[in-house]
Amino acid sequence: MEVTLLGTGDTTGTPTVGCDCDTCERARDPDAELRERLAERGVDAADGVERSRFSVYLENDATGETLLVDVSPDFRHQFLRAGVALPDAAIVTHVHFDHLDGLGNAYRLFDDLPVYAADETDPVTGESVAEGIRSRYDYLDTVSVCPRTPCEPFEVAGFEVTLVPVTHPPLLCYGLCIEEPQSGAVLAISGDTCYEVPERSRDLLSGADLALVEGLVHAEACEFHPKGGAHHDDEGVPRTFGTKHMTLSGARDFAADIDPDDHRIVHTAHYVPAERAFADDIAVDGERFSL
Numbered sequence: 001m002e003v004t005l006l007g008t009g010d011t012t013g014t015p016t017v018g019c020d021c022d023t024c025e026r027a028r029d030p031d032a033e034l035r036e037r038l039a040e041r042g043v044d045a046a047d048g049v050e051r052s053r054f055s056v057y058l059e060n061d062a063t064g065e066t067l068l069v070d071v072s073p074d075f076r077h078q079f080l081r082a083g084v085a086l087p088d089a090a091i092v093t094h095v096h097f098d099h100l101d102g103l104g105n106a107y108r109l110f111d112d113l114p115v116y117a118a119d120e121t122d123p124v125t126g127e128s129v130a131e132g133i134r135s136r137y138d139y140l141d142t143v144s145v146c147p148r149t150p151c152e153p154f155e156v157a158g159f160e161v162t163l164v165p166v167t168h169p170p171l172l173c174y175g176l177c178i179e180e181p182q183s184g185a186v187l188a189i190s191g192d193t194c195y196e197v198p199e200r201s202r203d204l205l206s207g208a209d210l211a212l213v214e215g216l217v218h219a220e221a222c223e224f225h226p227k228g229g230a231h232h233d234d235e236g237v238p239r240t241f242g243t244k245h246m247t248l249s250g251a252r253d254f255a256a257d258i259d260p261d262d263h264r265i266v267h268t269a270h271y272v273p274a275e276r277a278f279a280d281d282i283a284v285d286g287e288r289f290s291l
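Those letters in the sequence shown? Residues 1 to 291, by UniProt numbering.
Here it is in structure tokens:
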């Protein structure tokens, strides 16, 4: 499979609108050293570095089909920039706007877009992710919602896909294990989650060729969160920021736990200090991987 990271940022993206912090400024105008490092990763940073809202595009080399994971509010910009075709199907991991609200772009672009999502009822909302999509986008007759049961593999776009429950309170959220059956290539996506992921889910996400692991901020930022940090390591470093997102330390530990061949940290916010925000394992938009 071919994997393109269309969007690698959090809910505000980097650069963030109206922000002149050092990280956003470095993203707008990368220095030569950063441009060179990104070029080695296949990213052209001549016009700056971007982390738009989260979305991943997969091409199935065996069938020629394509799959979109999460439908970013930056849909139009991402697809024009990446120069990729519209997807044959999509999956939505949860109902937060930065993973869902790009679905409005289905208007006039698709004859039919099958959108797969979990059928598990969320006790907070009283509806599943699939039902949430249907209720929000009932005006789009081009969107066909396809409910699927977590932990039970299903086929879409020639891939075998499993929705993997993770921990993103207060709402239900899912990671993904995506396998191309002919080659055996596997992509694991943690989804938005804290570090405390159920063991069964960790097992389902383990051993991938590439893992995309959520890491929102540096661990020191926890002192500014009303709920602090959680799931500390042996040295007292918090792996969870508040209750619902991993720190960069947590993301790196989680990647080590599930042991992929390679990983990138995604969903990263502009709050990470500029000298640490562009480390080689933190994703930026436009990175591509052949698995």
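Ideal Cβ placement from N, Cα and C applies to all residues, glycine included.
Short of 7 Å in beta carbon distance, which residues of its chain neighbour C21, apart from the five on each side in sequence? Order them along the chain. Numbered from its first residue, the sequence shown carries residue 21 at position 21. Same-chain partners within the cutoff: H270.
Which ranges does the alpha helix (DSSP H) cover as unbroken runs of at least 4 residues, wholly within the stretch 202-288, from first to last along the chain? 248-258
Q182, buried or exposed, once every other Cβ within 10 Å from all chains shown has been counted against 16: Within the sequence shown, numbered from 1, the residue matching residue 182 stands at position 182. Exposed.
DSSP three-state label for T4, please. Here residue 4 refers to the residue found at position 4 when the sequence shown is read from its first residue. It is a strand residue.
Straight-line gap, G228 to T247 (C-alpha atoms, nearest Å): Within the sequence shown, numbered from 1, the residue matching residue 228 stands at position 228. Within the sequence shown, numbered from 1, the residue matching residue 247 stands at position 247. So the two alpha carbons sit approximately 11 Å from each other.
What residues are listed by DSSP as bridge partners for P114? Your numbering for residue 114 matches position 114 in the sequence shown. P114 is bridged to S144.
According to DSSP, what are the bridge partners of V69? What you label residue 69 is simply residue 69 of the sequence shown in a count that begins at 1. For V69, which the question treats as bridged, DSSP gives the partners V56, I91.
Whether V84 touches Y57 by CB criterion (8 Å): The residue given as residue 84 occupies position 84 in the sequence shown. The residue given as residue 57 occupies position 57 in the sequence shown. Cβ atoms of V84 and Y57: closer than 8 Å.
At what residues does the alpha helix (DSSP H) containing C24 begin and finish? Here residue 24 is taken as the residue at index 24 of the sequence shown, counted from 1. 22-28 is the span of the alpha helix (DSSP H), which, as asked, contains C24.
Endpoints, the beta strand (DSSP E) within which V129 is located: What you label residue 129 is simply residue 129 of the sequence shown in a count that begins at 1. Not the beta strand (DSSP E): V129 falls in the alpha helix (DSSP H), residues 129-136.
Can you tell me the Cα-Cα spacing of residue 329 and L210, whole angstroms? Residue 329 is absent from the model: the chain starts at 1 and stops at 291.
Given this structure, state the Cα-to-Cα distance separating A251 from R41, to the nearest angstrom. Here residue 251 refers to the residue found at position 251 when the sequence shown is read from its first residue. Here residue 41 refers to the residue found at position 41 when the sequence shown is read from its first residue. If you take the alpha carbons of A251 and R41, they lie about 20 Å apart.
What is the C-beta distance between R76 and G48, in whole angstroms, given that I count them as a contact (C-beta under 8 Å)? Against the sequence shown, residue 76 aligns to sequence position 76. Against the sequence shown, residue 48 aligns to sequence position 48. Between G48 and R76 the Cβ distance is about 18 Å, and since that is not below 8 Å, they are no contact.
Beta strand (DSSP E) segment containing A82, residue limits: In the sequence shown, counting from the first residue as 1, residue 82 sits at position 82. No beta strand (DSSP E) holds A82; the alpha helix (DSSP H) holding it covers 75-82.
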